[in-house]
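Note that the UniProt record's numbering gives residue 107 to position 107 of the sequence shown, counting from 1, and the numbers run on in steps of one.
One structure below.
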Amino acid sequence: MEDSPDDQFMRRAIELSARGATLGDGEPFAAVIVKDGEIIGEGWNHIIVDHDPSAHGEVVAIRNTCRKLKTRDLTGCDIYTSCEPCAMCAALIAMTGIQRIFYGTTLEAVKPHFSVDYTATYQNLHLPVHQRHLPARQLLAEEAYAAVSHTFPIKEMPDADV
1 MEDSPDDQFM RRAIELSARG ATLGDGEPFA AVIVKDGEII GEGWNHIIVD HDPSAHGEVV
61 AIRNTCRKLK TRDLTGCDIY TSCEPCAMCA ALIAMTGIQR IFYGTTLEAV KPHFSVDYTA
121 TYQNLHLPVH QRHLPARQLL AEEAYAAVSH TFPIKEMPDA DV
């Protein structure tokens, strides 16, 4: 039986995850971005080689795709990732307009293979910033807002999905 296109895209993500780890670039995670049945971008974890803790496979794939297409909007694309996206990657995926996520293994399954447990971090993300475990204090709020409002006028927001 021949693999479905979804299986082929996932298999490519898994292959890239192994390649990146073998090269020593980072942890064994990777992703491919697909639009209209074609791979338009891909990337694997670069946290070691780039000294960048945000260089997860999904982030690298999205960065590569956006640079290639000269856009920040990946509406109409799907992402195939070798592992369930972490909170950071899931937020980035949503921000780019990617419409669907396909993932291989789960975060829970791979947790024993790594020395850091992000469970507490994930549980705190929904809390207001001042209630999270990581201390946070707002400073120079008016100046910071002025820098934004001076450059970017207020825009009408489309109705959010409920």
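Each residue gets a CB set at the ideal place from its N, CA and C atoms; glycine is no exception.
Bear in mind the structure is a predicted one, so any value in this text is a computation, not a measurement.
A Cβ-Cβ contact shorter than 9 Å links residue 88 with residue 56.
Residue 43 and residue 7 have their C-alpha atoms roughly 17 Å apart. Every unbroken stretch of the alpha helix (DSSP H) spanning 4 or more residues and falling wholly within the region 39 to 122 is given here in chain order: 57 to 69, 87 to 96 and 107 to 110.
DSSP lists no bridge partner for residue 146. A Cβ-Cβ distance of about 4 Å is found for the pair residue 17 and residue 82, placing them in contact under the 8 Å criterion. In the DSSP assignment, residue 14 falls within the unbroken alpha helix (DSSP H) covering 5 to 23. Distances from the alpha-carbon of residue 72 to those of 53, 54 and 92 put 92 closest.
When only Cα atoms are considered, residue 130 and residue 38 end up about 44 Å apart.
Rounded to the nearest angstrom, the gap between the Cα atoms of residue 79 and residue 147 is 34 Å. Per DSSP, residue 155 lies in no beta strand (DSSP E) and is assigned neither H nor E. With a cutoff of 9 Å on beta-carbon distance, residue 41 and residue 30 are scored as not near each other.
Comparing C-alpha distances from residue 36 to each of 77, 119 and 12 shows the shortest one belongs to 77.
In this structure, 86 is the residue among 64, 86 and 11 with its C-alpha nearest to the C-alpha of residue 108. DSSP, read as helix, strand or coil, puts residue 30 in strand. Residue environment for residue 45: buried (at least 16 other C-beta atoms within 10 angstroms of its C-beta).
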